[in-house]
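Colleague: Before I ask anything, let me first share the structure, which is written out below as structure tokens.
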Amino acid sequence: MAKSFEEALASGEFVVTSSIDPPKGTDLEGLLQLVQRQKDVVDAVGISDNHNAVMCMSPWAVCRVALEQGVEPIMHVACRDRNRLALQSDLLAVASLGIKNILCVSGDHVKFGDHVDAKPVHDIDSVHLLEAAKALAQGKDMAGNPLHGSPEFFLGATANPEADPIEPHLIKVDKKIKAGASFLVTHPVFNIENLKRFTEHTRQSNIKVLAGVRLLIPEEVPKYRDGSYPGLFVPEALLEQTEAADMEKCTEVAGNTVKEIKASNLCDGVYLTAPGHEDKIPDILKAGGI
Amino acid sequence: MIVAKRKPFNEIKDLVSGSKKILILGCGTCVAVCLAGGEKEVAVLASQLKMALALENRDVEIDKLTIERQCDREFIEEINSKVAVDDYDLILSTACGAGVQLSSDVFDHKVVVPALNTTFIGVAEGPGIWSERCRSCSDCVLAETGGICPVTICAKGLVNGPCGGTRKGKCEVDPEKECAWTLIYNRLEKLGRVDKMEQTLPPKRWNVQQHPAIIIHEAYRRRYE
Chain R
1 MAKSFEEALA SGEFVVTSSI DPPKGTDLEG LLQLVQRQKD VVDAVGISDN
51 HNAVMCMSPW AVCRVALEQG VEPIMHVACR DRNRLALQSD LLAVASLGIK
101 NILCVSGDHV KFGDHVDAKP VHDIDSVHLL EAAKALAQGK DMAGNPLHGS
151 PEFFLGATAN PEADPIEPHL IKVDKKIKAG ASFLVTHPVF NIENLKRFTE
201 HTRQSNIKVL AGVRLLIPEE VPKYRDGSYP GLFVPEALLE QTEAADMEKC
251 TEVAGNTVKE IKASNLCDGV YLTAPGHEDK IPDILKAGGI
Chain F
291 MIVAKRKPFN EIKDLVSGSK KILILGCGTC VAVCLAGGEK EVAVLASQLK
341 MALALENRDV EIDKLTIERQ CDREFIEEIN SKVAVDDYDL ILSTACGAGV
391 QLSSDVFDHK VVVPALNTTF IGVAEGPGIW SERCRSCSDC VLAETGGICP
441 VTICAKGLVN GPCGGTRKGK CEVDPEKECA WTLIYNRLEK LGRVDKMEQT
491 LPPKRWNVQQ HPAIIIHEAY RRRYE
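Residue numbers (the numbering used here), protein chains in the order written: chain R, 1 to 290; chain F, 291 to 515.
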């Protein structure tokens, strides 16, 4: 039997994960194809929660679909859209659906999404959400009330090795680890030196780190330049290279990043994102020698 | 202080539409300091309205009066000794939202409408520039954060550190603005108190911020019991 995501990380092998954004609408046809296409090449698939504050189907439904297709999901849970009651009740609900891997995130600001007038909730932050999920797993809610039946979670958090300045960010990462994170998924990394600096810090905690790798495509270059993708800092030289590249070249560049990260032995695996081009993920992995 | 901005002129013009005699009621405290609703701004607004309504051949009488504060009942009640409030069919208040409401309470037989949008509690950074500093959350964390409020200054109100979008110390939401947590880190480092940031602050206790909030000073409690 194939290893679970948690088992794969524990085994010390290089873990490969990817990301799929839920559909905007009820049509699951494209999603099913993507899940099937990634089924045999990744250890788990991350399912985003209103990524970039764009309203989409709730990730729990997509995670359930992925499970039914034989793919283990990592469900993102964003603090932006729900208060502590809703977050906790959703966590209980997803546990009942067999979803175990939870990635706790703050969530991109609503400014970047398609409902810019929405109220950003942020009743609790990602550190609190990790604490809450851990407490639920121990049979208590945030208010200390006992649960009738408690969930099992494998908890993760996000980090950005390229945050500038990095020092306050690393302090927060430590809080996330202390709060219950067992693995970190990083923002896409474009400078391996930043990843090296980051993992030198996280190595002290023995936490598992999945380095983010993102497919860069020419159409998105202006958005990287104008800051439309929060937390993604692509060097200008790489943007210029991307502008002149076709999809084959873009895939090769992302594949080379995977290869470089794997060869560096800095991380426990990768987390691939290719918004709108998730069908290219198997090709990226192939180009990356996986 | 409370900082406010004047509403767009056309919105104000619509608010007073249909009135024949208007009192523009200014406030001489916070909104005067932030150049939004004091005596000078009332005079400018009165002139603008008179001209605009005259151009539309509308016969409207506009008077103006600025009092010390509209958030204090005794100052509002003094208006009666200065003008005949009953003669007006609308009071256009240039106070903050609190002042507009208290004026409306005192003159509850009159239509009182706001000329300003109340924006934030803040400080003067220099001539003509104010910045938000407090969300009046009733659960102050400034002792832990180097005197810089993450609830107010972080775009997401995060209390345990920055999100992943900090770039060159700026906020991902607006690169013109400082990242609150970079400011906090730098301040704590300067104070030799970075360890403060290592403590996890608990979730905000929103229940201590009751709406509408009322505070009765202990010395006055018996009076209101």
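All C-beta atoms in this analysis are idealised placements derived from N, C-alpha and C, irrespective of residue type, glycine included.
Using alpha carbons as the reference points, say which of Ser383/F, Asp353/F and Ile352/F lies closest to isoleucine 366/F.
Modeller: The residue you call residue 366/F lines up with position 76 of the second sequence. Per the Cα distances, Ser383/F.
Colleague: Measure the C-alpha to C-alpha separation of methionine 487/F and isoleucine 99/R and round it to an integer number of angstroms.
Modeller: As a working mapping, residue 487/F is identified with position 197 in the second sequence. As a working mapping, residue 99/R is identified with position 99 in the first sequence. If you take the alpha carbons of methionine 487/F and isoleucine 99/R, they lie about 33 angstroms apart.
Colleague: Is it the case that the segment 121-141 of chain R contacts the segment 438-455 of chain F, given that we only count it when at least three CB pairs across the two stretches are under 8 angstroms?
Modeller: Touching, yes.
Colleague: Tell me where the alpha helix (DSSP H) around threonine 242/R begins and ends.
Modeller: The residue given as residue 242/R occupies position 242 in the first sequence. Run containing threonine 242/R: 236-243, per the alpha helix (DSSP H) assignment.
Colleague: Run down chain F in chain order and give the residues with a C-beta less than 7 angstroms from the C-beta of lysine 175/R.
Modeller: Residue numbering aside, residue 175/R sits at position 175 when the first sequence is read from its first letter. Per Cβ cutoff of 7 angstroms: Asn450, Gly451 and Thr490.
Colleague: Using the Cβ count rule (16 or more neighbours within 10 Å means buried), how would you classify glycine 180/R?
Modeller: As a first step, residue 180/R must be located in the first sequence, where it is residue number 180. So glycine 180/R ends up on the buried side.
Colleague: Give the straight-line distance between the Cα atoms of glutamate 152/R and isoleucine 411/F, rounded to the nearest whole angstrom.
Modeller: Against the first sequence, residue 152/R aligns to sequence position 152. Against the second sequence, residue 411/F aligns to sequence position 121. Looking at the two C-alpha atoms, the distance is approximately 44 angstroms.
Colleague: Along the segment 83-115 of chain R, what residues have a CB closer than 7 angstroms to any CB found in chain F?
Modeller: So the close ones are Arg84, Ser106, His109 and Lys111.
Colleague: Residues of chain R with CB closer than 8 angstroms to the CB of proline 255/F, please, in chain order.
Modeller: Outside the displayed span of chain F (291 to 515) sits residue 255/F, for which this structure offers no information.
Colleague: Quick check on DSSP: helix, strand or coil for glutamate 532/F?
Modeller: This structure gives no information on residue 532/F, because the portion of chain F shown stretches from 291 to 515.
Colleague: What residue from Glu466/F, Gln499/F and Val321/F has the CA that sits closest to cysteine 386/F's CA?
Modeller: Stepping through the second sequence from its first residue, residue 386/F is reached at position 96. Answer by Cα proximity: Val321/F.
Colleague: How is the beta strand (DSSP E) around methionine 57/R delimited, first residue to last?
Modeller: Position 57 of the first sequence, counted from the start, is the residue given in the question as residue 57/R. Careful: methionine 57/R lies outside any beta strand (DSSP E) and carries neither H nor E.
Colleague: To the nearest whole angstrom, what separates the beta carbons of serine 106/R and alanine 78/R, a pair I think is in contact under 8 angstroms?
Modeller: For the purposes of this step, residue 106/R is identified with residue 106 of the first sequence, where counting begins at 1. For the purposes of this step, residue 78/R is identified with residue 78 of the first sequence, where counting begins at 1. That belief holds up - the Cβ atoms of serine 106/R and alanine 78/R are roughly 7 angstroms apart, short of 8 angstroms.
Colleague: Please decide whether glutamate 301/F counts as near chain R, where near means a Cβ-Cβ distance under 7 angstroms.
Modeller: Numbered from 1 along the second sequence, position 11 holds the residue referred to as residue 301/F. No, glutamate 301/F does not count as interfacial toward chain R.
Colleague: Please classify valine 498/F as buried or exposed, where buried requires at least 16 other C-beta atoms within 10 Å of its C-beta.
Modeller: Taking the second sequence and counting its residues from 1, the one referred to as residue 498/F is at position 208. Exposed is the call here.
Colleague: Per DSSP, lysine 397/F forms a beta bridge with which residues?
Modeller: Residue 397/F sits at position 107 when you count from the first residue of the second sequence. Here residue 397/F turns out to be phenylalanine, not lysine, going by the sequence shown. None; phenylalanine 397/F has no bridge partner.
Colleague: What residues in the segment 121-150 of chain R have a beta carbon less than 9 angstroms from any beta carbon of chain F?
Modeller: Per Cβ criterion, the list reads His122, Asp123, Ile124, Asp125, Ser126, Val127, His128, Glu131, Ala132 and Met142.
Colleague: In this structure, how does DSSP classify glutamate 422/F when only helix, strand and coil are distinguished?
Modeller: Position 132 of the second sequence holds residue 422/F. Here glutamate 422/F sits in strand by DSSP.
Colleague: So, does the CB of glutamate 468/F fall closer than 7 angstroms to a CB anywhere in chain R?
Modeller: Numbered from its first residue, the second sequence carries residue 468/F at position 178. Judged by the 7 angstroms Cβ criterion, glutamate 468/F is not in contact with chain R.
Colleague: Answer with buried or exposed for asparagine 347/F, where buried requires no fewer than 16 other C-beta atoms within 10 angstroms of its C-beta.
Modeller: Position 57 of the second sequence, counted from the first residue, corresponds to residue 347/F. It counts as exposed.
Colleague: Just the chain C side, please: which residues come within less than 8 angstroms of isoleucine 171/R by C-beta, in chain order?
Modeller: This model lacks chain C altogether; the protein chains it does include are R and F.
Colleague: Below 7 angstroms between beta carbons is the criterion; list the residues of the segment 399-412 of chain F that meet it against any residue of chain R, in chain order.
Modeller: Cβ contacts with chain R come from no residue of the segment 399-412 of chain F.
Colleague: Rounded to a whole number of angstroms, what is the C-alpha to C-alpha distance between lysine 175/R and glycine 156/R?
Modeller: Numbered from its first residue, the first sequence carries residue 175/R at position 175. Numbered from its first residue, the first sequence carries residue 156/R at position 156. The straight-line gap from Cα to Cα measures roughly 12 angstroms.
Colleague: Could you name the residues of the same chain whose beta carbon sits closer than 8 angstroms to that of leucine 239/R, not counting the 5 residues immediately before and after it, in chain order?
Modeller: Translated into positions along the first sequence, residue 239/R becomes position 239. These residues qualify, in order along the chain: Leu216, Val221, Tyr224 and Arg225.
Colleague: Can you name the start and end residues of the alpha helix (DSSP H) that phenylalanine 14/R belongs to?
Modeller: Your numbering for residue 14/R matches position 14 in the first sequence. Unbroken run through phenylalanine 14/R: none, as it is neither H nor E.
Colleague: Please state if the CB of serine 309/F and the CB of leucine 406/F are separated by a distance shorter than 7 angstroms.
Modeller: Mapped onto the second sequence, residue 406/F falls at position 116. Mapped onto the second sequence, residue 309/F falls at position 19. Contact flag unset, no.
Colleague: Output the distance between the C-alpha atoms of isoleucine 430/F and lysine 208/R, rounded to the nearest integer angstrom.
Modeller: In the second sequence, counting from the first residue as 1, residue 430/F sits at position 140. In the first sequence, counting from the first residue as 1, residue 208/R sits at position 208. Position check: residue 430/F holds cysteine in this sequence, whereas isoleucine was assumed. So the alpha carbons of these two residues sit roughly 35 angstroms apart.
Colleague: Please list the partners that glycine 447/F has in chain R, where partner means a Cβ-to-Cβ separation under 7 angstroms.
Modeller: As a working note, residue 447/F is residue 157 in the second sequence. Within chain R, the residues near glycine 447/F are His122.
Colleague: Could you please give the first and the last residue of the uninterrupted alpha helix (DSSP H) stretch that includes cysteine 320/F?
Modeller: Locating residue 320/F in the second sequence gives position 30, where the first residue counts as 1. Run containing cysteine 320/F: 320-323, per the alpha helix (DSSP H) assignment.
Colleague: Closer than 7 angstroms, CB to CB, is lysine 330/F near chain R or not?
Modeller: Taking the first residue of the second sequence as position 1, residue 330/F is located at position 40. Chain R contact via Cβ: absent.
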